[in-house]
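Okay, so here's the structure we're looking at.
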Amino acid sequence: RALIVDFGSQVTQLIARRLREAGVYCEIHPFNRVDKAFLDDFAPKAIILSGGPASVKTETSPRADQSVYDYGAPILGICYGEQTICAQLGGDVESSDHREFGRAMIDVVKSSQLFEGVWEPGSRHQVWMSHGDRVNAIPDGFEIIAKSEGAPFAAIADEARKIYAVQFHPEVVHTPDGAKLLANFVQKIAGLTGDWTMAAFREEAIAQIRAQVGDARVICGLSGGVDSSVAAVLIHEAIGEQLTCVFVDTGLMRAGEGEEVVRLFRDSYNIPLIHVEAEDLFLGKLAGVDDPEKKRKIIGALFIDVFDKEAGKIENAEFLAQGTLYPDVIESVSFDGGPSVTIKSHHNVGGLPERMNLKLVEPLRELFKDEVRALGRELGLPEHFVGRHPFPGPGLAIRIPGEVTKEKADILRKADAIYLDEIRKAGLYDAIWQAFAVLLPVRTVGVMGDERTYDHVLALRAVTSTDGMTADYYPFPHEFLGACATRIINEVRGVNRVVYDVTSKPPGTIEWE
Ligand code: XMP
17 RALIVDFGSQ VTQLIARRLR EAGVYCEIHP FNRVDKAFLD DFAPKAIILS GGPASVKTET
77 SPRADQSVYD YGAPILGICY GEQTICAQLG GDVESSDHRE FGRAMIDVVK SSQLFEGVWE
137 PGSRHQVWMS HGDRVNAIPD GFEIIAKSEG APFAAIADEA RKIYAVQFHP EVVHTPDGAK
197 LLANFVQKIA GLTGDWTMAA FREEAIAQIR AQVGDARVIC GLSGGVDSSV AAVLIHEAIG
257 EQLTCVFVDT GLMRAGEGEE VVRLFRDSYN IPLIHVEAED LFLGKLAGVD DPEKKRKIIG
317 ALFIDVFDKE AGKIENAEFL AQGTLYPDVI ESVSFDGGPS VTIKSHHNVG GLPERMNLKL
377 VEPLRELFKD EVRALGRELG LPEHFVGRHP FPGPGLAIRI PGEVTKEKAD ILRKADAIYL
437 DEIRKAGLYD AIWQAFAVLL PVRTVGVMGD ERTYDHVLAL RAVTSTDGMT ADYYPFPHEF
497 LGACATRIIN EVRGVNRVVY DVTSKPPGTI EWE
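So in full-length UniProt numbering, the last one in the sequence shown is 529, and the numbering has no gaps at all.
Okay, here's the thing in structure tokens:
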């Protein structure tokens with residue numbers, strides 16, 4: 017397996033994704049956790065040093081532990097990874113006036129195992145750069161294998177020691193051949209076989225869960241979404257009746273969702289399920305609150321309370337299972353000492369385990385959404401369930417900017433169901449990463465029949481994305497949007513105007529709060 021040493025780049029997880037696409041299992045670990053003991057235990061066949069926001073010129077900037085270089089596995093440094101390799105192995109890095117962001121062209125100057133079958137010497141290729149510092153001199157043993165105008169050391173190699181470093185980002189799609197270079201590194205250079213599949217993951221995960229849990233009891237919180245459902249089914253396959261699921265219905269779910277979860281788990285899978293109906297409790301605590309982070313905190317804290325109380329009734333529970341995915345981890349917590357920034361406090365990560373004094377089982381922690389879906393299919397979950405758009409833990413509460421009330425939640429549920437129904441009928445559901453309606457705290461004047469109306473504005477949002485980290489708005493045909501608007505205004509009392517959100521992420525986020 018391969019190890020990705022993370023220096024906090026926003027795109028580190030894309031490296032992992034590309035490696036899995038090449039059929040190689042890998043894990044991402046923060047740079048400050050990777051030392052000799054870690055390496056001996058992990059036994060990586062290939063090590064990749066990620067990019068990161070720091071400058072190697074500042075004194076406190078992160079470095080790879082010396083053991084990474086001594087360990088002997090092939091190393092590939094990307095962007096900051098290249099700079100830290102140069103700084104640590106005797107090269108030189110300088111802050112440059114010529115910062116390079118975005119597309120750049122590089123010239124291949126020498127053949128290398130890294131480029132084998134992909135790039136010939138003398139050819140020119142598009143790559144994606146994002147760096148301020150640049151390498152000034154390379155360590156002994158290294159040679160330049162590609163250069164660009166802004167980065168004379170765009171790619172360097174020490175073929176004897178099998179240490180490679182690139183200033184550009186091969187993991188992003190804007191480096192069109194990047195995936196092939198990464199595949200070369202893990203397969204040709206490091207000799208990993210590329211036969212890793214979801215079926216293999218399923219077997220490994222089941223074995224790991226059994227080893228971790230033994231004969232202890234496990235509690236799993238179901239949210240109604242794909243992630244926690246896949247986690248629950250996987251764990252149930254591993255340990256059967258030792259698993260009990262708790263489903264807290266916050267009253268902030270979409271139309272029909274609660275019922276479906278109960279049907280699927282109790283009836284189809286025969287998984288023991290505690291169903292807590294807590295709508296009044298949640299809406300009661302949310303009354304009068306309009307700050308987005310406060311809403312998230314209230315829902316998170318209450319969820320923990322309710323869950324804790326129910327879980328307390330299950331005797332001898334030792335483990336808590338969560339369907340945490342990799343993007344949840346990166347967007348929610350900064351590693352200790354790590355540089356990534358908290359954008360929103362997603363409540364599905366953290367909180368529960370500390371409070372409940374339970375150990376965590378998180379079998380999906382290294383996976384991306386589409387990989388979880390593939391695993392769900394592998395486990396036989398129904399296609400319409402597995403293919404569901406992601407839904408945030410705080411639910412409709414963060415799709416009702418301002419105060420949340422039952423009346424608003426009901427209006428939104430109805431409008432959202434119509435919107436999704438139209439999307440499905442148009443055959444567009446699977447082309448979209450996430451589509452939903454947002455009920456705005458703005459009223460506008462309208463005219464229906466001969467009557468004046470003064471009702472809410474509803475915003476429709478639909479985005480494409482591969483991982484939720486970046487997103488583009490979906491370019492619906494105008495006729496489609498017009499038809500949705502008409503149907504929603506005709507069928508949902510309380511909405512008299514519909515608008516479409518054409519903001520990408522960044523600078524917007526997918527949700528409105
Ligand atoms: P944003 O809005 O941050 O969303 O661009 C990225 C992805 O995360 C989901 N999301 C959340 N999921 N708890 C969750 O479990 C949350 O608090 C939360 N906020 C956003 C969002 O739906 C999208 O898929």
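By construction, the Cβ of each residue, glycine as well, lies at the ideal position given by its N, Cα and C atoms.
None of the values given here were measured: they were computed from a predicted structure.
Extent of the continuous alpha helix (DSSP H) to which residue i belongs
| i | result |
| --- | --- |
| Ser245 | Val242 to Ile255 |
| Glu495 | His494 to Glu507 |
| Asp57 | Lys52 to Phe58 |
| Asp437 | Lys422 to Lys441 |
| Asp386 | Lys385 to Glu394 |
| His400 | Glu399 to Val402 |
| Arg33 | Thr28 to Glu37 |
| Tyr516 | Looking at the DSSP string, Tyr516 is not in any alpha helix (DSSP H); the run it does join, the beta strand (DSSP E), is Val511 to Tyr516. |
| Lys310 | Pro308 to Ala327 |
| Val84 | Gln82 to Asp86 |
Sub-8 Å separation of residue i and residue j beta-carbons
| i | j | result |
| --- | --- | --- |
| Val454 | Arg477 | yes |
| Ala38 | Gly210 | yes |
| residue 601 | Ala162 | An answer regarding residue 601 cannot be provided, because it is not within the stretch 17 to 529 covered by the chain. |
| Cys102 | Val151 | yes |
| Val262 | Gly241 | no |
| Ala337 | Ile235 | yes |
| Ala181 | Met145 | no |
| Thr266 | Ile315 | yes |
| Leu374 | Ala333 | yes |
| Val84 | Ile64 | no |
| Gly524 | Pro343 | no |
| Lys61 | Ala18 | yes |
| Gly97 | Ser66 | yes |
| Phe131 | Val125 | no |
| Val292 | Val264 | yes |
Any non-hydrogen atom of the ligand XMP within 7 Å of residue i CB
| i | result |
| --- | --- |
| Thr460 | no |
| Glu387 | no |
| Pro406 | yes |
| Glu309 | no |
| Pro523 | no |
| Ile526 | yes |
| Gly39 | no |
| Pro69 | no |
| Arg477 | no |
| Gln183 | no |
| Gln450 | yes |
| Gly396 | no |
| Pro410 | yes |
| Ile414 | yes |
| Arg270 | no |
| Gly484 | yes |
| Arg312 | yes |
Integer Cβ distance of residue i from residue j, believed to fall under 8 Å
| i | j | result |
| --- | --- | --- |
| Ile251 | Ile225 | 6 Å |
| Glu43 | Glu382 | 5 Å |
| Gly148 | Ser112 | 7 Å |
| Lys310 | Ile414 | Incorrect: roughly 11 Å between the Cβ atoms, too far for contact. |
| Leu80 | Gln104 | The residue you asked about is not Leu; residue 80 is Ala in the sequence shown. 7 Å between Cβ atoms; contact. |
| Leu299 | Lys422 | 5 Å |
| residue 530 | Arg34 | The structure shown has nothing for residue 530, since the chain only spans 17 to 529. |
| Pro513 | Thr460 | Note that residue 513 corresponds to Arg in the displayed sequence, not to Pro. That belief holds up - the Cβ atoms of Arg513 and Thr460 are roughly 5 Å apart, short of 8 Å. |
Residue interval of the beta strand (DSSP E) (run including residue i)
| i | result |
| --- | --- |
| Asp471 | Glu467 to Thr480 |
| Met464 | Gln450 to Met464 |
| Ser334 | Note on residue identity: the sequence assigns Glu, not Ser, to residue 334. Here the beta strand (DSSP E) through Glu334 covers Ala333 to Ala337. |
| Glu43 | Cys42 to Pro46 |
| Ile235 | Arg233 to Leu238 |
| Ala62 | Ala62 to Leu65 |
| Leu19 | Ala18 to Asp22 |
| Leu341 | Element bounds for Leu341: n/a, residue is neither H nor E. |
| Leu376 | Lys375 to Val377 |
To test your reading of the DSSP string, which unbroken beta strand (DSSP E) runs of 3 or more residues are found completely within the region 254-305? 259-265 and 289-293
Runs of alpha helix (DSSP H) lying entirely within the region 92-171, each at least 4 residues, in chain order: 96-105
What alpha helix (DSSP H) runs, 4 residues minimum, are completely inside the region 183-228? 194-199
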